[in-house]
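Under our numbering, the first residue of the sequence shown carries the number 547, and numbering increases by one thereafter. Okay, structure first, notes after.
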Amino acid sequence: MIDVLIHFEFMRHALISGIIIGFLAPLLGVFLVVRRLSMIADALSHVSLTGIAFNLLLAKYFSFFAALNPVYMGMGFAVAGALIIERLRKSYRFYQELPIPIILSTGIGLGVVFISIANGFNVDLFNYLFGSIIAITRTDRNTIMVIGAVVLLVVTLLYKELFSLSFDDEHARITGIPRRWINLVFTILVALVIASAMRIVGILLVSALMVLPVAASIQLANSFKQTFLYAILFGELSVILGLYCSYTFNWAPGGTIVVIAFLILITVLGIKKWVIQTD
């Protein structure tokens with residue numbers, strides 16, 4: 547299996563990028579699930595779609611945007627969406643989840659408008675929606691590596707603050723943790739990971755890679771750190787098997803990765819239920 551994944555250059559790009567995304571998505575997903583904010587990944591992914599569609603639209607009229615990697619526009623829109631979400635959460639202090647569907651629906655609406663103006667779907671947009679292993683370039687891989695290093699560094703530095711905000715927001719406030727700033731930084735990290743993962747998993751499915759491995763890990767873990775370990779393990783397993791099956795059977799990589807992640811979740815639930823019954 548490894549020979550298949552490293553034989554061609556484009557597969558090596560996909561494998562390296564996938565391993566990084568398989569680590570980052572569950573890493574941030576644990577915090578999202580624990581804080582009951584898993585839907586924020588869906589919202590930002592749809593905002594990324596808006597950025598991609600906007601870039602492809604501008605590329606039809608301006609040569610500069612034709613030469614620009616649409617991923618960067620997607621990242622810009624995702625970060626802007628993250629900033630707006632945090633601003634709206636400040637306005638709706640007692641309805642913290644309300645900004646998420648607002649941004650999600652607005653992102654879908656703008657994306658559809660831009661797509662319709664650009665005369666519908668094309669191959670490039672389809673690849674961004676559902677992922678494509680042959681579309682990942684050296685530039686995409688390097689971008690994902692840089693984002694991975696930044697995310698890992700920031701999470702390491704802010705781990706205690708993120709942990710406190712995840713389990714006891716009031717205690718975090720009393721102890722003087724800058725909640726608004728930490729939330730903003732974290733949401734921007736989520737936006738960057740989502741935008742960078744769209745080449746492999748696809749915009750419409752990237753949120754599943756943040757949630758499904760975490761959902762499986764919660765069933766097995768006995769501590770917060772174990773939750774990270776299992777989630778990352780399941781995320782990496784989903785990505786590697788997904789890329790292999792995608793290449794071997796010519797399946798869409800995003801859908802394949804998500805289906806495998808779901809099968810892992812079902813398997814874990816089944817094993818846990820069987821163990822409980824036998825005890």
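Beta carbons: idealized from backbone N, C-alpha and C, even for Gly. A quick note: this is a predicted structure, and the numbers were derived from the prediction, not measured.
Nearest to residue i (by Cα), restricted to the options the options
i	options	result
ARG745	VAL700, GLU782, GLY620, ILE723	GLY620
LEU730	VAL752, VAL617, ALA624	ALA624
THR802	LYS819, PHE709, VAL821, LEU755	LEU755
TYR776	LEU573, ALA587, LEU629, TYR790	LEU573
ILE679	VAL580, ILE630, ILE565, ILE812	ILE565
LEU704	ARG719, ARG687, ILE723	ILE723
GLY622	PHE600, LEU675, LYS636, THR721	PHE600
SER591	GLY677, LYS706, VAL805	GLY677
GLU632	LEU583, HIS553, PHE611, GLU555	LEU583
PHE732	ILE663, ARG581, ASP714	ARG581
VAL593	VAL696, TYR607, TYR790, LEU738	LEU738
GLY655	ILE690, ILE806, ILE734, GLY597	GLY597
ILE552	VAL805, LEU789, ASN688, GLY694	LEU789
PHE672	PHE554, LEU595, ILE812	LEU595
LYS606	ASP670, TYR618, GLY627	ASP670
GLY627	LEU779, LYS819, ILE740, ASP715	ILE740
PHE780	CYS791, ILE720, ILE817, LEU811	LEU811
ILE690	GLY816, TRP820, GLN823, ALA571	ALA571
VAL697	LYS636, LEU735, ILE822, VAL804	LEU735
VAL805	ILE786, LYS819, TRP820, LYS818	ILE786
TYR618	THR702, ASN688, ILE778	ASN688
Cβ-based neighbour list, residue i, same chain, cut-off 7 Å, excluding 5 preceding and 5 following
i	result
VAL814	ALA762, GLN765, LEU766
PHE808	LEU758
ILE682	PHE556, HIS559, ALA560, SER563, ARG745, ILE746
ASN615	THR685
ALA664	ALA599, LEU602, LEU603, LYS606
Expected contact under 8 Å - CB spacing of residue i and residue j to nearest Å
i	j	result
PRO759	SER784	7 Å
ILE646	MET585	5 Å
SER753	ALA587	4 Å
ILE749	LEU675	5 Å
PHE774	VAL576	6 Å
ILE644	TYR638	First, the amino acid is wrong: residue 644 is Leu here, not Ile. Right, the Cβ-Cβ distance comes to about 5 Å (below 8 Å), so this counts as a contact.
PHE640	LEU603	About 38 Å separates the two Cβ atoms, so there is no contact after all.
ILE728	GLU707	5 Å
ALA589	GLY653	7 Å
LEU751	GLY816	Not confirmed; about 23 Å, so no contact.
Cβ neighbours of residue i in the same chain (closer than 6 Å, five flanking residues each side left out)
i	result
PHE770	none
ASP686	ARG745
LEU634	PRO645
GLY657	LEU595, THR596, ALA599
VAL579	VAL760
Own chain, CB closer than 8 Å to residue i, minus 5 neighbours either side, in chain order
i	result
GLU782	ILE565, GLY568, PHE569
ARG725	LEU711, ASP715, ALA718, ARG719
LYS818	GLN765, LEU766
Neighbour flag for residue i against chain C, beta carbons, 9 Å
i	result
VAL760	Among the chains in the structure shown there is no chain C, since it carries only a single protein chain.
Open item on the list: Suppose only complete runs of 4+ residues qualify. What are the alpha helix (DSSP H) ranges in the region 550-599, listed by chain order?
Closed with: 555-580
- [ ] Within the region 697-738, note down every full alpha helix (DSSP H) run reaching 4 residues or more, in order along the chain.
- [x] 705-713, 715-720
Open item on the list: Which complete alpha helix (DSSP H) runs does the region 754-799 hold, if anything under 4 residues is left out?
Closed with: 770-795
Open item on the list: To test your reading of the DSSP string, which unbroken alpha helix (DSSP H) runs of 4 or more residues are found completely within the region 621-687?
Closed with: 645-663, 669-676
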